[in-house]
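Trainee: Submitted below is the structure of interest, expressed as structure tokens.
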Amino acid sequence: MSTSTQKLQILILCTANSARSQMAEGLLRELVSDRADVYSAGAKPSSVNPDAIAAMRERGIDISGQSSDHLSKYLETEFDYVITVCDNAAETCPTFPGRAVRIHWSFPDPAAVNGEDDDVQRSFIKTRDGLERRLQDWLSSLG
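Quick note: the sequence shown, position 50, residue 990 per the numbering used here, numbers continuous.
Laid out in structure tokens, this is it:
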């Protein structure tokens, strides 16, 4: 990460802001500590998915206090990075002011998995672990 004393401003977007972006927000906050301000939002926000909360709790991160926000809340904010974690968000993401670098990572929606509770939870854990690997690799590339 940058040696500058100014915190990076990072926004993570997903359509419903209920699972992928919420998990990514919690993971990134954990990974960057106080070196960045991390937010998440969606075009059609709902609420934080209980299965996402459970998957993150298993990882030792509590996201139960996070909120599902509409991306319009952040349209006037200057971000260093805007990361989309679903294809729909990447296609509908508005332009943010300033120098925001847009990054897209395509992750399937774990909430779309139907089946037994174990199958659903495995899908959330798989998505969580994939997001964490991607975030770690990205942070390493920043230096």
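From the three backbone atoms N, C-alpha and C, an ideal C-beta is built for every residue, glycine too.
(1) State buried or exposed for PHE1064, treating a residue as buried only when at least 16 other CB atoms are found within 10 Å of its CB.
(2) Measuring only the C-alpha atoms, how far is VAL1022 from GLY1083?
(3) Quick one: what does DSSP say THR955 is sitting in, helix, strand or coil?
(4) In three-state DSSP terms, what is ARG975?
(5) Per DSSP, what are the beta-bridge partners of ALA980 in this structure?
(6) Relative to the C-alpha of ALA956, which candidate in LEU1075, SER973 and ALA1051 has its C-alpha closest?
(7) Please check the pair ALA994 and GLN1061, which I expect to be a contact at CB under 8 Å, by giving their CB distance rounded to whole angstroms.
(8) Looking at the secondary structure, which residues open and close the beta strand (DSSP E) in which ILE1043 lies?
(9) For GLU1072, which residues of its own chain have a beta-carbon under 7 Å away from its beta-carbon, when the five flanking residues on both sides are left out?
(10) Name the DSSP bridge partner or partners of TYR1021?
(11) What's the C-alpha gap between SER986 and ALA1040?
Mentor: The relevant details are as follows:
(1) As a first step, residue 1064 is located in the sequence shown; it is residue number 124 there, counting from the start. Buried: at least 16 other Cβ atoms inside 10 Å.
(2) Here the question's residue 1022 lines up with position 82 in the sequence shown. Here the question's residue 1083 lines up with position 143 in the sequence shown. Between VAL1022 and GLY1083, the C-alpha separation is close to 18 Å.
(3) Along the sequence shown, read from residue 1 onward, the residue named residue 955 stands at position 15. Correct three-state label for THR955: coil.
(4) As a working note, residue 975 is residue 35 in the sequence shown. Three-state result, ARG975: coil.
(5) The residue you call residue 980 lines up with position 40 of the sequence shown. Per the sequence presented here, residue 980 reads as Ser, with Ala not at that position. SER980 pairs with ILE952.
(6) Numbered from its first residue, the sequence shown carries residue 956 at position 16. If we check each option's Cα against that of ALA956, ALA1051 comes out closest.
(7) Translated into the one-based positions of the sequence shown, residue 994 becomes position 54. Translated into the one-based positions of the sequence shown, residue 1061 becomes position 121. 7 Å between Cβ atoms; contact.
(8) Walking along the sequence shown from the start, residue 1043 turns up at place 103. Taken as a continuous stretch (DSSP letters only), the beta strand (DSSP E) holding ILE1043 covers 1041 to 1044.
(9) Here residue 1072 is taken as the residue at index 132 of the sequence shown, counted from 1. Closer than 7 Å at the Cβ level, and outside the excluded window around GLU1072, lie LEU967.
(10) Here residue 1021 is taken as the residue at index 81 of the sequence shown, counted from 1. In the DSSP output, where bridge partners are listed per residue, TYR1021 has ILE950 and VAL1041.
(11) Looking up residue 986 in the sequence shown gives position 46. Looking up residue 1040 in the sequence shown gives position 100. Their backbone Cα atoms lie some 25 Å apart in a straight line.
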